[in-house]
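Enquirer: Under numbering that gives the first Met the number 0, the first residue of the sequence shown carries the number 0, and numbering increases by one thereafter. Here you go, one structure.
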Amino acid sequence: MVRETRGNRLFFDGCDLTEIAEKYGTPLYVMSYNDMMDHINELKKDFIDAYPDTKNRVAYASKAFACTAMYKILDKAGMSIDVVSGGELYTARKAGFPAERIEFNGNNKQPSEIDSAVEYGVGRIILDGIQELPLIESACKKYNKKMNIMIRITPGVAASTHDYIVTGKKDSKFGIPLDEEILMPIVKEILDSKWLNFCGLHMHIGSQLFTNDAYLKALDVLMDWAGKIKEKFDADVSEVNFGGGFGVRYTDEVRKPYKYFLDPMMELLKKRAEEIGIACPDAVIEPGRSIVAEAGVTLYKVGQIKSIPGVRKYVSVDGGMGDNIRVALYQAKYDACIANKADETCDDKVTVCGKYCESGDILLTDYMLPRSVKAGDILAMYSTGAYGFTMASNYNMNPVPGVVLVRDGKSAWMIKPQTYEELTQNMVIPDII
Numbered sequence: 000m001v002r003e004t005r006g007n008r009l010f011f012d013g014c015d016l017t018e019i020a021e022k023y024g025t026p027l028y029v030m031s032y033n034d035m036m037d038h039i040n041e042l043k044k045d046f047i048d049a050y051p052d053t054k055n056r057v058a059y060a061s062k063a064f065a066c067t068a069m070y071k072i073l074d075k076a077g078m079s080i081d082v083v084s085g086g087e088l089y090t091a092r093k094a095g096f097p098a099e100r101i102e103f104n105g106n107n108k109q110p111s112e113i114d115s116a117v118e119y120g121v122g123r124i125i126l127d128g129i130q131e132l133p134l135i136e137s138a139c140k141k142y143n144k145k146m147n148i149m150i151r152i153t154p155g156v157a158a159s160t161h162d163y164i165v166t167g168k169k170d171s172k173f174g175i176p177l178d179e180e181i182l183m184p185i186v187k188e189i190l191d192s193k194w195l196n197f198c199g200l201h202m203h204i205g206s207q208l209f210t211n212d213a214y215l216k217a218l219d220v221l222m223d224w225a226g227k228i229k230e231k232f233d234a235d236v237s238e239v240n241f242g243g244g245f246g247v248r249y250t251d252e253v254r255k256p257y258k259y260f261l262d263p264m265m266e267l268l269k270k271r272a273e274e275i276g277i278a279c280p281d282a283v284i285e286p287g288r289s290i291v292a293e294a295g296v297t298l299y300k301v302g303q304i305k306s307i308p309g310v311r312k313y314v315s316v317d318g319g320m321g322d323n324i325r326v327a328l329y330q331a332k333y334d335a336c337i338a339n340k341a342d343e344t345c346d347d348k349v350t351v352c353g354k355y356c357e358s359g360d361i362l363l364t365d366y367m368l369p370r371s372v373k374a375g376d377i378l379a380m381y382s383t384g385a386y387g388f389t390m391a392s393n394y395n396m397n398p399v400p401g402v403v404l405v406r407d408g409k410s411a412w413m414i415k416p417q418t419y420e421e422l423t424q425n426m427v428i429p430d431i432i
């Protein structure tokens, strides 16, 4: 077990989280190396090794959690990565991540970002709009490089999840709509270009999904268009990107194994490719949350406790919406415990709030914790490895917390916490004041 209790203390990947909080300070993100590797190894076994006739790839979605150490872990594991900004690309380059295993995504790539991607020689650029084509070709000419291109489509399938994380329906800022007069000229332009190599089609239908039906419907639509491309241009779709979005456990969700999603998709992919008359395309997936979410715990120190008779008991902590915006943004729910009282009975209903000047700065609402909770205790919130650090802000001029990696009882910084000096280092007082 990566997470366990020993003598009333919560341990994570062999480390006492109360001691971790004392050593590194709070608020603090903690990432388990072994939990991440368990998911990476499951993907390698059930998606890469299970299909030796194809060159399947796992491209980790950097937006979930990105830093040089994370990229080094993925590099050593032989994974690819999906980046969506110049900053993620720069970080990957700084970590020495191989260019050929980088896929550059995003709905509004800036000219400077495209230039950097081509200059570095990333393995794939995933086209999200026709306006990107001249920018890519211009950069290709500049660096005398030919780039592999995949086209992100919107398959018109609405997944069952929060509206803010649905991305595959037709009314979406992502992807190219499946209208023949829009898609086919783009395919032709890529095929006719001396600088571009058409690889295939990409889709991503949403996040935090627990059933495979939407994936299969979307893949069926995608392969219909692979058939139309074959018929019109005699061009094969040699790669298909299924996207990511596999659901994880935050509270009482039942997480499905990767095979539940991937085996039916691979079966359908082979079947449809045979019907179209093309070799089975290589398949790519972009898991992010499912690799790192449950590998993360956020530690907070309890501060002021405020009881309002007949209304509510507030337990304040030294972080909040600045280090976890998902609760306010998505109404996300989490589980937690008091790390230094892990075995005590949870017999008191409380609301855990942060230190930010917003009434919406709530982390846990009407949540059961031990009645003995007091200032100085350490609250551990589970499954915060995805979209915690990467969505953190400096609201109220609070520094972004650091990230510690734990592995088999050892710990070390992945990202050091931001200091007040770093918080203000780019501020200037203009002469015109």
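Here a beta-carbon is modelled for each residue, glycine too, at the ideal position from N, C-alpha and C.
Taking only runs of the alpha helix (DSSP H) that begin and end inside the stretch 188-262, which ones reach a length of at least 4 residues, in chain order?
Expert: 212-232
Enquirer: Taking all protein chains shown into account, decide if residue 464 is buried (16 or more other Cβ within 10 angstroms of its Cβ) or exposed.
Expert: The structure shown does not extend to residue 464, since the chain is modelled only from 0 to 432, so the question has no answer here.
Enquirer: At the level of alpha carbons, what is the spacing between residue 348 and residue 332?
Expert: One Cα belongs to residue 348, the other to residue 332, and the distance between them is close to 15 angstroms.
Enquirer: Would you kindly report the start and end of the unbroken beta strand (DSSP E) that includes residue 364?
Expert: 361-368
Enquirer: Terminal residues of the continuous alpha helix (DSSP H) containing residue 88?
Expert: 85-93
Enquirer: Note down the Cα distance separating residue 67 from residue 402, rounded to an integer number of angstroms.
Expert: 12 angstroms
Enquirer: Report buried or exposed for residue 40, applying the criterion of at least 16 other Cβ atoms within 10 angstroms of its Cβ.
Expert: exposed
Enquirer: For residue 10 and residue 262, I'd like the C-alpha separation in whole angstroms.
Expert: 35 angstroms
Enquirer: Which runs of the alpha helix (DSSP H) fall wholly inside the stretch 117-157 and span at least 4 residues, in chain order?
Expert: Those alpha helix (DSSP H) runs which fall completely within the stretch 117-157 and span 4+ residues are 131-142.
Enquirer: Along the chain, which unbroken stretches of the beta strand (DSSP E) at least 3 residues long are found entirely within the stretch 36-79?
Expert: 56-60
Enquirer: For residue 35 versus residue 413, is the C-beta spacing smaller than 8 angstroms?
Expert: It is not a contact, given that the beta carbons lie outside the stated cut-off.
Enquirer: Can you list, in chain order, the residues of its chain whose CB lies under 8 angstroms from that of residue 187, leaving out five sequence neighbours each side?
Expert: 232
Enquirer: Can you find the residues in the same chain that come closer than 8 angstroms, C-beta to C-beta, to residue 109, ignoring five residues on each side of it along the sequence?
Expert: 85
Enquirer: DSSP three-state call for residue 15: helix, strand or coil?
Expert: strand
Enquirer: Are the beta-carbon atoms belonging to residue 258 and residue 315 less than 8 angstroms from one another?
Expert: no
Enquirer: Check whether the Cβ atoms of residue 72 and residue 57 sit closer than 8 angstroms, and answer yes or no.
Expert: no
Enquirer: Smallest Cα separation from residue 214: which of 14, 181 and 155?
Expert: 155
Enquirer: Below 7 angstroms, is the gap between the Cβ of residue 47 and the nearest heavy atom of the ligand SAM?
Expert: For the structure depicted, the ligand SAM is absent and the ligand set is empty, with no information on it obtainable.
Enquirer: Any idea if residue 167 is buried or exposed, counting beta-carbon neighbours within 10 angstroms, 16 or more meaning buried?
Expert: In this predicted model, residue 167 has a pLDDT of only 45, less than 50, meaning its place in the structure is not dependable; the value taken from the coordinates is given anyway. That one is buried.
Enquirer: Where does residue 159 fall in DSSP's three states?
Expert: Below a pLDDT of 50, predicted positions are generally treated as unreliable, and residue 159, at 48, falls in that range; the measurement from the model is reported next regardless. Here residue 159 sits in coil by DSSP.
Enquirer: In its own chain, which residues sit with a C-beta less than 7 angstroms from the C-beta of residue 143, not counting the 5 before and 5 after it?
Expert: Within the same chain, residue 143 has no close Cβ partners at all.
Enquirer: Does the contact criterion of 3 or more C-beta pairs under 8 angstroms hold for the stretch 269-288 versus the stretch 359-379?
Expert: Here the stretch 269-288 makes no contact with the stretch 359-379; the two share fewer than three CB pairs at distances below 8 angstroms.
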